[in-house]
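When you line the sequence shown up against the numbering used here, it's residues 7 to 161, in that order. Using N, Cα and C, we set each Cβ at its ideal position, and we do this for glycine too. The structure displayed is predicted, hence computed values, not measured ones. So the structure is just underneath, and the comments pick up after that.
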Amino acid sequence: MYVKIACVAGLLISVYALWIEVQVYTHSNYLALCDLHQYISCSRVLTSRYSKGFGVIGDIMGQDHPLNQPNCIYGILYYLIYLTLDTMKQTDTVKKIKLSLSLSSILMSLYLGYLLAFVLVDLCLVCISSYAVNCTLFAIALIRYREMMGKAKVS
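Next up, the structure:
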């Protein structure tokens, strides 16, 4: 239940981030609800060079490469995959995949959080919300993985 709630929250956050990006690019005077101050601006972060392809894919493969998509598109895919995995029978393999996926999202959140704080010097409420969702999913996956490992030792 908690995983589904977290995934839906992550989906909504990612869709809102995509909405902001589209609005900023199509309406020059658009002001997002999360733009509260010069240094608290999700619009500025979500339209920075780091908001597509994690700021890396475009540099390596070219700005027009099909993988150089807005980060929120990757977020939408991640939460959909995770939600799909959560609806499946929770075998050991599924639990390991969920732990691996959630760990990768934590590592990406750390990377993007570093860029947010020290490179862009901004506070993006949408971004921080997605990091919180990723931490929640990782914590749940870790707890379930440890439970699985504890049962394996008893058997």
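Reduced DSSP category for residue i - H, G, I as helix; E, B as strand; rest coil
{"i": "K58", "result": "strand"}
Assumed close pair residue i, residue j - CB separation to whole angstroms, cut-off 8 Å
{"i": "G81", "j": "S20", "result": "4 Å"}
{"i": "K58", "j": "Q75", "result": "7 Å"}
Status (buried if at least 16 other CB within 10 Å, exposed otherwise) for residue i
{"i": "A158", "result": "exposed"}
{"i": "E153", "result": "exposed"}
{"i": "Y16", "result": "Inspection of the sequence shows that residue 16 is occupied by Gly rather than by Tyr. Buried, by the Cβ-count rule."}
Beta-carbon proximity check, residue i vs residue j, cutoff 8 Å
{"i": "L109", "j": "I46", "result": "no"}
{"i": "V127", "j": "C48", "result": "no"}
{"i": "C78", "j": "L37", "result": "no"}
{"i": "Y151", "j": "L105", "result": "yes"}
{"i": "L113", "j": "Y56", "result": "no"}
{"i": "I146", "j": "V9", "result": "yes"}
{"i": "D92", "j": "C13", "result": "yes"}
{"i": "I63", "j": "L73", "result": "yes"}
{"i": "S111", "j": "Y84", "result": "yes"}
For residue i: DSSP bridge partner residues
{"i": "H43", "result": "I46"}
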